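Beneath this line is the structure, given in structure tokens, with notes to follow.
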Amino acid sequence: MGCHQYFSHAKAMQYLGYRPIVTLDEGIQRTIDYLAKKDKNCKRYKKLVNDNIAQNSTVEDQKISDSHRNLVKEDTDNVQTKNERMNN
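In terms of the working numbering, the sequence shown has 38 at position 43, counting the first letter as 1, and numbering is strictly consecutive.
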């Protein structure tokens, strides 16, 4: 059985008045940019960038696939409706 740990800054906010100065997305992008400037030949950087590109393209591919599926369904529904009107 695996162990899952989740981190939160809620107590730091509550007790210390901590507020993040950047969003999570901006922090991740800053990290990627820093690693790119630091050492472009770094294996970790290459893996991070390649994984990020692969994940984003997978998400985009899924969005395109979902959009295409919806368009096909709409076209099919429209054809069925036209056929029903013609038969009545």
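Don't be surprised by glycine CBs; every beta carbon is placed ideally from N, CA and C. In this text the structure is predicted, and so the values were computed from the model without any measurement.
Taking Cβ to Cβ, would you say residue i is nearer than 8 Å to residue j?
i: V44; j: I27; result: yes
Is DSSP giving residue i helix, strand or coil here?
i: Q0; result: coil
i: R14; result: coil
Quick check: what's the CA-CA separation for residue i versus residue j?
i: K42; j: R25; result: 16 Å
i: I23; j: M8; result: 21 Å
i: K33; j: H4; result: 28 Å
i: D46; j: C(-2); result: 24 Å
i: K6; j: Y29; result: 29 Å
i: V74; j: T18; result: Here the model assigns V74 a pLDDT of 48, short of 50, so the residue's position is not dependable, and the following value carries that caveat. Looking at the two C-alpha atoms, the distance is approximately 47 Å.
i: A31; j: K38; result: 11 Å
i: D20; j: Q0; result: 20 Å
i: A10; j: F2; result: First, the residue type needs correcting, since residue 10 is Tyr and not Ala in the sequence shown. Roughly 16 Å separates the two Cα atoms.
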